[in-house]
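Asks:
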Amino acid sequence: MNTSSLLRDIQLNYNQLTKTEKKIADFLIRNVDRVLFMSITDLAESCGVADASVYRFCRSVGAKGYQDFKMKLSLGAMPEDSGIREMENLKVDSLEFILDKILQNYVSVLKETRMLIDKEAVTKTVQMMEEAKTIYFFGIGDSLLTAKEARNKFLRICGKVNCMEDPHMQAMTASMAGPEDLIFIISYSGATKDNVYVARIAKKSGAKVVCITRFIKSPLTNYTDVQLLCGSNEGPLDGGAMGTKMSQLYIIDVLFQEYYSRNKQLSMENNKKTSRAVVDKLY
201 MNTSSLLRDI
211 QLNYNQLTKT
221 EKKIADFLIR
231 NVDRVLFMSI
241 TDLAESCGVA
251 DASVYRFCRS
261 VGAKGYQDFK
271 MKLSLGAMPE
281 DSGIREMENL
291 KVDSLEFILD
301 KILQNYVSVL
311 KETRMLIDKE
321 AVTKTVQMME
331 EAKTIYFFGI
341 GDSLLTAKEA
351 RNKFLRICGK
361 VNCMEDPHMQ
371 AMTASMAGPE
381 DLIFIISYSG
391 ATKDNVYVAR
401 IAKKSGAKVV
411 CITRFIKSPL
421 TNYTDVQLLC
431 GSNEGPLDGG
441 AMGTKMSQLY
451 IIDVLFQEYY
461 SRNKQLSMEN
471 NKKTSRAVVD
481 KLY
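Residue numbers (the working numbering): 201 to 483.
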């Protein structure tokens, strides 16, 4: 692995760093590969500093924030011509290799997600869904696709689900929510500003908040009642990875099946109604 320009600059200016910044730099230099997959809270805890200290460190080394810092670090850490070199090493049956590699990755992601699922957390979440007057699914960017899929799936058996797509509408909806409402926020990193902002507003309004995320501790989880963890490792250059979506959808499907099982009669009736509503649109 080549030393990134960002990492080199940190090393060259090491003596100008504060005591706290040096603690972060020391950990980073020894654990570059690990940091690429860590949340800001994970890194802060590993260094024994506050989240704000990590953020200030990122700004002091020329990054706009933590995600931009990881992006710059990842770009500099990529081996030169790695893509070309890998393709040259593939045999003639490279398609066979790709088929097996993708399958293996998906199976691994789903198995890890299965291991991370807390059955008590699932039970508590479904109970909150049953008690909620309205259920909202929120997401930003690629996570919004998962939120929309969750809305579409539950709409077949439950008429109290909604999905707000615009971040401003999400914030407005959260401000009007109350104890009888449940908000799902889907975010891989748990560090997207819009997600954290909406979660903070929702908690202030008294709504219940559940997040589907990768990290058990992040700025987002500070404002959630339940955390459901997905098992996909997504690097800074892997935004929107299919493995991440699959792990999130796996959790959505688990919630769907548990909700259906606990409310079987009503779910069956609603499923018949929604199916009949669209059957005439099919040839």
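Heads up, the beta-carbon is just placed ideally off N, CA and C, and yes, glycines get one too.
(1) For the beta strand (DSSP E) containing residue 381, list its first residue and its last residue.
(2) Excluding the 5 residues preceding and the 5 following residue 470 in the sequence, name in chain order all residues of the same chain whose CB lies nearer than 6 Å to its CB.
(3) Compare the C-beta of residue 205 with all C-beta atoms of chain D and state if any pair is closer than 7 Å.
(4) Judging by CA-CA distance, which residue of 354, 390 and 400 is the nearest neighbour of residue 373?
(5) Output needed for residue 243: all residues of its chain with C-beta closer than 7 Å, excluding positions within five of it in sequence on either side, in chain order.
(6) Within this structure, are the beta carbons of residue 391 and residue 367 separated by less than 7 Å?
(7) List the DSSP bridge partners of residue 339.
(8) What's the call for residue 307, buried or exposed, on a 16-neighbour Cβ count within 10 Å?
(9) Going by DSSP in three states, residue 249 sits in which element: helix, strand or coil?
(10) For a quick check, are the C-beta atoms of residue 461 and residue 444 less than 7 Å apart?
(11) Could you have a look at residue 411 and say whether DSSP puts it in helix, strand or coil?
(12) So what does DSSP say about residue 231, is it helix, strand or coil?
(13) Do you know how far the Cα of residue 403 is from the Cα of residue 397?
(14) For the beta strand (DSSP E) that residue 211 lies in, which residues bound it at each end?
(15) Given a cut-off of 7 Å, decide if residue 384 and residue 410 are closer than it, judged by their beta-carbon atoms.
(16) Between residue 218 and residue 232, what straight-line distance do the alpha-carbon atoms span, to the nearest angstrom?
(17) Contact between the segment 299–318 and the segment 327–343 is defined here as three or more beta-carbon pairs at a separation below 8 Å; is this criterion met?
(18) From 413, 395, 455 and 212, pick the residue whose C-alpha is nearest to that of residue 328; which is it?
(19) Is the separation between the beta-carbon of residue 347 and that of residue 337 shorter than 7 Å?
(20) Assuming residue 223 and residue 249 make a contact with CB atoms under 8 Å, what is their CB distance in whole Å?
(21) Within 10 Å of its beta-carbon, does residue 309 have 16 or more other beta-carbons around it, so buried, or fewer, so exposed?
(22) Confirm, please, whether the CB-CB distance from residue 447 to residue 430 is below 7 Å.
(23) Could you check whether residue 376 and residue 370 sit closer than 7 Å to each other, using their CB atoms as the reference points?
(24) Quick one: using the 10 Å Cβ neighbour count with 16 as the cut-off for buried, is residue 205 buried or exposed?
(25) Where residue 216 and residue 267 are concerned, what is the direct C-alpha to C-alpha distance, given to the nearest angstrom?
Replies: Working from what's here:
(1) 381–386
(2) 357
(3) Of the chains in the structure shown, none is chain D; there is only one protein chain.
(4) 400
(5) 235 and 254
(6) no
(7) 386
(8) exposed
(9) coil
(10) no
(11) strand
(12) coil
(13) 10 Å
(14) Counting along the chain, residue 211 falls outside any beta strand (DSSP E), though it belongs to the alpha helix (DSSP H) covering 205–212.
(15) yes
(16) 20 Å
(17) no
(18) 455
(19) yes
(20) 6 Å
(21) buried
(22) yes
(23) no
(24) exposed
(25) 23 Å
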